[in-house]
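S.K.: Going by the working numbering, the sequence shown opens with residue 341, and the numbers climb by one from there.
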Amino acid sequence: MKPEATDTNFGLRELLAFYADAGVEEALCEEPVDRFSERPTARERPAETRGNAAGGAPSSPPAPAPALAARSERIPAPAIAPAASVPDEAQAARARELARQAATLDELRSILESFDGCNLKLTAKNLVFADGNPQADLMLVGEAPGRDEDLQGLPFVGRSGQLLDRILAAIGRDRTSAYISNVIPWRPPGNRDPSPIETEICRPFIERHIELVNPKVLVTLGNPSTKLLLRTTTGIMRMRGKWAEHETAGGVKIATLPSLHPAYLLRNPAHKKLAWRDFLAVKARLDA
């Protein structure tokens with residue numbers, strides 16, 4: 341059905357919805373800017389200006405419009421953002437070296453806070469490091485933060501996080517008895533997929549993260565984290581529910597069970613029964 345001709349707000353609503361889906365969350369200025377007041381129309385221009393445009397004698401340029409001058413006085417000059425660079429293998433090698441230097445989780449977090457080799461950091465609001473109990477015997481790893489996670493600086497706090505909390509509760513766990521993180525610690529703009537090189541740059545940090553926590557059981561949530569941490573090309577629907585091993589840089593092998601990401605379960609609720617089977621297997625392994 342087409343909108344009524346009298347619905348003047350329809351186009352505006354559609355535009356705002358497009359911006360929200362694209363990840364636009366903040367206006368650049370606190371006050372709206374009337375662009376039409378900055379440049380006078382042909383009727384409003386002085387006669388000598390119109391004559392010059394028609395081929396007459398040149399005239400001096402008009403003075404700046406009062407609205408533009410007033411606006412320039414009340415709006416400060418924007419801060420210069422850090423320059424983005426093209427991520428490459430050199431940054432991935434640098435990330436591997438820095439990750440090896442972290443002897444504790446606090447050191448690893450400090451390294452990530454100062455690391456400038458991944459452009460995702462330039463567009464993210466917060467570093468999303470981890471949540472839960474680092475002493476727990478269960479660790480869960482997803483792919484990347486979303487909007488809610490970026491705002492709060494914690495993983496799995498949006499709708500998928502609420503579902504994950506219910507899944508953990510079903511096996512007698514919560515965030516005091518589990519530890520949660522992501523492969524990518526910064527939100528990709530507009531929730532786009534991280535590029536392969538961005539993932540490779542972040543890989544050493546999550547691998548060192550897992551090594552420092554050293555859980556009894558590791559659960560990879562979704563396709564990207566499963567493929568990355570198990571170094572496989574097999575899809576999640578064939579991998580889920582089957583025990584594998586994640587081997588740390590130090591040679592420690594951690595029992596790993598791939599499962600479906602909560603965001604996928606929200607889109608495909610019929611597959612919640614598969615995740616239920618996976619987490620029953622996790623509970624049995626932890627209780628053994």
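We put the beta carbon where it would ideally sit given N, CA and C, even for glycine.
Determine the contact status of Leu448 and Arg543, defining contact as a CB-CB distance below 9 angstroms.
M.R.: no
S.K.: Look at Ile451 and Ala432 and say whether their C-beta atoms are less than 9 angstroms apart.
M.R.: No, they are not a contact pair.
S.K.: Rounded to whole angstroms, how far is the Cβ of Thr596 from the Cβ of Leu620, which I believe are closer than 8 angstroms?
M.R.: Between Leu620 and Thr596 the Cβ distance is about 16 angstroms, and since that is not below 8 angstroms, they are no contact.
S.K.: For the candidate residues Asp471, Asn466 and Ala435, whose alpha-carbon lies nearest to that of Gly482?
M.R.: Asp471
S.K.: Once the 5 residues before and after Ala584 are set aside, which same chain residues still bring their CB inside 6 angstroms of it?
M.R.: Leu570 and Thr596
S.K.: Using 8 angstroms as the cut-off, can you tell me whether the segment 489-501 makes contact with the segment 459-466, which would need three or more C-beta pairs spanning the two stretches below that distance?
M.R.: yes
S.K.: Suppose you measure from the CA of Ala421 to the CA of Leu462; what does that come to, to the nearest Å?
M.R.: A caution first: Ala421 carries a pLDDT of 48, below 50, which makes its placement in the model too unreliable to give a value.
S.K.: I need the straight-line Cα distance from Ala393 to Leu356, nearest angstrom please.
M.R.: In this predicted model, Ala393 has a pLDDT of only 45, less than 50, meaning its place in the structure is not dependable; the value taken from the coordinates is given anyway. Those two C-alpha atoms are separated by around 38 angstroms.
S.K.: Nearest to Ile550 by CA position, among Ile520, Leu600 and Gly501, is which residue?
M.R.: Ile520
S.K.: Cα separation between Glu413 and Arg487?
M.R.: In this prediction, Glu413 scores a pLDDT of 48, lower than 50, which makes its location untrustworthy; the coordinate-derived value is nonetheless stated afterwards. The alpha-carbon atoms of Glu413 and Arg487 are separated by roughly 34 angstroms.
S.K.: Please state the DSSP three-state secondary structure of Ile524.
M.R.: Three-state result, Ile524: coil.
S.K.: Please list the terminal residues of the continuous beta strand (DSSP E) segment that includes Pro598.
M.R.: Lys593 to Ser599
S.K.: Are Leu614 and Arg580 touching if we call contact CB-CB under 9 angstroms?
M.R.: yes
S.K.: What are the complete alpha helix (DSSP H) segments, minimum 4 residues, inside the segment 467-503?
M.R.: 487-492
S.K.: Drop a sphere of 10 angstroms on the beta-carbon of Asp428, count the other beta-carbons inside from all chains shown, and report buried for 16 or more, exposed for fewer.
M.R.: exposed
S.K.: DSSP state of Ala518, grouped into three classes?
M.R.: Residue state, collapsed to three classes: coil.
S.K.: Given this structure, state the Cα-to-Cα distance separating Arg499 from Ala442, to the nearest angstrom.
M.R.: 32 angstroms
S.K.: Assuming Pro602 contacts Leu561 (C-beta within less than 8 angstroms), just tell me the rounded distance between them.
M.R.: 7 angstroms
S.K.: Between the Cα of Val592 and those of Ser454, Ile576 and Asn554, spot the shortest distance and give me the residue it belongs to.
M.R.: Asn554
S.K.: Find out if the Cβ-Cβ distance for the pair Ala484, Thr516 is shorter than 9 angstroms.
M.R.: no
S.K.: What is the rounded straight-line gap between the Cα of Cys458 and the Cα of Met479?
M.R.: 25 angstroms
S.K.: If you reduce the DSSP assignment to three classes, tell me which class Ala610 lands in.
M.R.: helix
S.K.: Buried or exposed for Thr329, going by 16 or more other Cβ atoms inside 10 Å?
M.R.: Here the chain has residues from 341 to 628 only, and residue 329 is not among them.
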